[in-house]
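Residue numbers (the working numbering), protein chains in the order written: chain A, 54 to 455; chain B, 110 to 344.
This is the structure in structure tokens:
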């Protein structure tokens, strides 16, 4: 009967010191809000990254970029030495390549009447939709003949279609890409936003030959994507592809590659790196802030004990055990911090929802983050409560009442 | 009721600095007595009260309370004993701030092993004529009313012994008389009361005066004609 009474009484006491209680809550609120936010957004970002990568980079994929060095950057266009012939040679000389696509891209204004739209123009082979796993939602993709004849045809993304045509049907209509008129033959299935915030639907796909000869004056490609028969062979094929390209580019031993080859292994390494940041380093920052909050709460409680010495002495005089005092002060601190944590979970989730909405990431699943946030604030609350509770319980009644 | 035998209390301040607060004190107080312990500050009267109230333990001697030798009691046994047998009233009231009179009076019940505590605090407040102030906070009460709340708190577990440390020390004369008259009426109902004070005049309202000087009892006399405190109605 006694313990429930003490618990009830302790909870009552929390409300009696509103200012101190609010400051103590603030400590855990901020940390837990940060933790919840980071975990919610992290989950969504990870989902998004895996979704995107899964779409364009299966295990049976090898990507060759023009230019050496960085994975995604490096010289393109004029500075590049990679040609469609290079890739053709690779496809012929390296066994196990199932399909391949060459790509070059530029950014150009796209016009229809008075409407102008800046879109990414992708020059692709007729195999693009197969190799990149993207189909048309309406109309159709261009064929080999279109590529061979540098046909002035285009397949456009949903964003471009909306921007230039609104409710009109774009299929069969003419647009100007740069200064070249092209006929729209298809609309791409929508893909949404990539993890960097780029719009995957703000694209215009034309035959690679059309882009190189008609839209701009290029004879090199930016990148190529190969699909291979056996993912287990990827690393071995990477060596073979490099050998073919080095020979064709007449690179002597010691000269660095002027291209870079990306396999699923590297992509998984990069994803692992991103996941480490999302699920280890960012939460760590939040946990540190939670610990700081816990220390602040603990010291607030500690200093409040100095104001409550007479109260503690009185409680002992009327019959409280040292353990009863310990329980009360532990409860006061822990409950305050956990309640702060609950508010933090709600706040962190709300902010995460707003942010996710703006970044088009979809809706966060709050349960993991909430469970972790509440658990973390519980642990911090108990730890922060130990020291004040021990100090309060150690006071001798006669001295406390003096 | 209270039986102290050769009780001494020595505080060790540092290795070579010992202070004797009580030296070989023997004292017997019977059930139903109203005793004043008087002395200057530093005479050891607070130490004596702490020992009687089981808030402190003697370094030498034995203490029997209600027939039980409590000298070797551990802190939890002491706490149980304080909770059931002793009510405390302090000079500084020691009421919890921001807490109603009723909740303050309930405090000893919080730590008791009673199954049901409802109604007891209300009854105790009625006994000190504060039934109409149960929901007031200490800051909304006068000094005399606050001390009456404290007395109600001391009475709520119906203890045999009431220990009061300068209960009227912080009060004006009228409030002091009010408090003393409550003590007298409680004593008339059979409660044992030990009142610690430095005030010779207050002691005249009790029935026995024990005088302490430098840790020793130097006088122990019956008050032949105790004064009767008359509580005046508030103007």
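Glycine included, every Cβ here is placed at the ideal spot set by N, Cα and C.
Below 8 Å on the Cβ atoms is my guess for residue i versus residue j; work out the distance and round it to an integer in Å.
| i | j | result |
| --- | --- | --- |
| residue 397 of chain A | residue 82 of chain A | 4 Å |
| residue 405 of chain A | residue 94 of chain A | 5 Å |
| residue 288 of chain A | residue 263 of chain A | Actually they do not touch by this definition, with Cβ atoms about 35 Å apart. |
| residue 168 of chain B | residue 118 of chain B | 5 Å |
| residue 276 of chain B | residue 371 of chain A | Their Cβ separation, rounded to whole angstroms, is 16 Å, which puts residue 276 of chain B and residue 371 of chain A out of contact at 8 Å. |
| residue 296 of chain A | residue 153 of chain A | Their Cβ separation, rounded to whole angstroms, is 17 Å, which puts residue 296 of chain A and residue 153 of chain A out of contact at 8 Å. |
| residue 137 of chain A | residue 261 of chain A | 7 Å |
| residue 113 of chain B | residue 128 of chain B | That pair is no contact at about 19 Å. |
| residue 243 of chain A | residue 211 of chain A | 4 Å |
| residue 241 of chain A | residue 115 of chain A | Contact doesn't hold; Cβ gap of about 24 Å is too wide. |
| residue 242 of chain B | residue 250 of chain B | 6 Å |
| residue 317 of chain B | residue 331 of chain B | 5 Å |
| residue 282 of chain A | residue 428 of chain A | Incorrect: roughly 47 Å between the Cβ atoms, too far for contact. |
Going by alpha carbons, who is nearest to residue i out of the options?
| i | options | result |
| --- | --- | --- |
| residue 379 of chain A | A:166, A:444, A:74, A:293 | A:444 |
| residue 348 of chain A | A:230, A:375, A:387 | A:387 |
| residue 268 of chain A | A:234, A:300, A:292 | A:234 |
| residue 253 of chain A | A:274, A:185, A:231 | A:185 |
| residue 97 of chain A | A:70, A:247, A:453 | A:247 |
| residue 259 of chain A | A:101, A:282, A:304, A:238 | A:238 |
| residue 180 of chain A | A:188, A:174, A:173 | A:188 |
| residue 214 of chain A | A:198, A:168, A:202 | A:168 |
| residue 191 of chain B | A:391, A:369, A:395 | A:369 |
| residue 174 of chain A | A:231, A:147, A:182 | A:231 |
| residue 336 of chain B | B:324, B:319, B:292 | B:292 |
| residue 120 of chain B | B:149, B:177, B:156 | B:156 |
| residue 275 of chain A | A:194, A:103, A:313, A:67 | A:313 |
| residue 212 of chain B | A:292, A:62, A:91 | A:62 |
Interface residues of chain B around residue i at Cβ under 8 Å?
| i | result |
| --- | --- |
| residue 62 of chain A | 219 |
| residue 322 of chain A | Under the 8 Å cutoff, chain B gives no residues; its nearest Cβ is about 60 Å from residue 322 of chain A. |
| residue 451 of chain A | 159, 164, 165 |
Looking at the structure shown, is residue i part of a helix, part of a strand, or coil, going by DSSP?
| i | result |
| --- | --- |
| residue 171 of chain A | strand |
| residue 194 of chain A | coil |
| residue 182 of chain B | coil |
| residue 118 of chain A | strand |
| residue 289 of chain A | helix |
| residue 277 of chain A | strand |
| residue 306 of chain A | coil |
| residue 308 of chain B | coil |
| residue 244 of chain B | coil |
| residue 145 of chain A | helix |
| residue 150 of chain A | strand |
| residue 142 of chain B | coil |
| residue 292 of chain B | helix |
| residue 162 of chain A | strand |
| residue 114 of chain B | strand |
| residue 55 of chain A | helix |
| residue 133 of chain B | strand |
| residue 170 of chain B | strand |
| residue 337 of chain A | helix |
| residue 71 of chain A | helix |
| residue 236 of chain A | strand |
| residue 127 of chain B | strand |
| residue 241 of chain A | strand |
| residue 164 of chain B | coil |
| residue 283 of chain B | helix |
| residue 253 of chain A | coil |
| residue 150 of chain B | coil |
| residue 438 of chain A | helix |
Would you mind telling me which residues of chain A sit closer than 7 Å to residue i, beta carbon to beta carbon, in chain order?
| i | result |
| --- | --- |
| residue 184 of chain B | 375 |
| residue 133 of chain B | Simply none; closest approach about 20 Å. |
What does residue i reach in chain A if we use C-beta pairs closer than 9 Å?
| i | result |
| --- | --- |
| residue 192 of chain B | 371, 372, 373 |
| residue 130 of chain B | Here the premise fails: no neighbours, minimum Cβ distance about 11 Å. |
Given that residue i touches chain B, what residues does it touch there, using C-beta distances under 9 Å?
| i | result |
| --- | --- |
| residue 454 of chain A | 159, 164, 197, 199, 201, 203, 274 |
I want to verify the contact list: residues of chain A whose CB lies under 8 Å from the CB of residue i, in sequence order.
| i | result |
| --- | --- |
| residue 189 of chain B | 372 |
Compare the C-beta of residue i with all C-beta atoms of chain E and state if any pair is closer than 8 Å.
| i | result |
| --- | --- |
| residue 394 of chain A | In summary, chain E is missing from the structure at hand, where the protein chains are A and B. |
Review point. Residues in the stretch 360–375 of chain A with C-beta within 8 Å of chain B's C-beta atoms, listed in sequence order?
Key: Those residues of the stretch 360–375 of chain A that come within reach of chain B (Cβ to Cβ, closer than 8 Å) are 363, 364, 366, 367, 368, 369, 370, 371, 372, 373, 374, 375.
Please list the residues of the stretch 290–302 of chain B that have a C-beta atom closer than 8 Å to any C-beta atom in chain A, keeping them in chain order. none
**Residues, ordered as in the chain, of the stretch 221–247 of chain B that lie near chain A by beta-carbon distance below 9 Å** = 221, 222, 223, 224, 225, 226
Q.
Output needed in chain order: residues of the stretch 196–219 of chain B with a Cβ under 9 Å from some Cβ in chain A.
A. 196, 197, 199, 201, 203, 204, 205, 206, 207, 208, 212, 215, 216, 217, 218, 219
Checklist entry - For the stretch 57–91 of chain A, which residues have a CB atom closer than 7 Å to at least one CB atom of chain B, in sequence order? => result 58, 59, 62, 69
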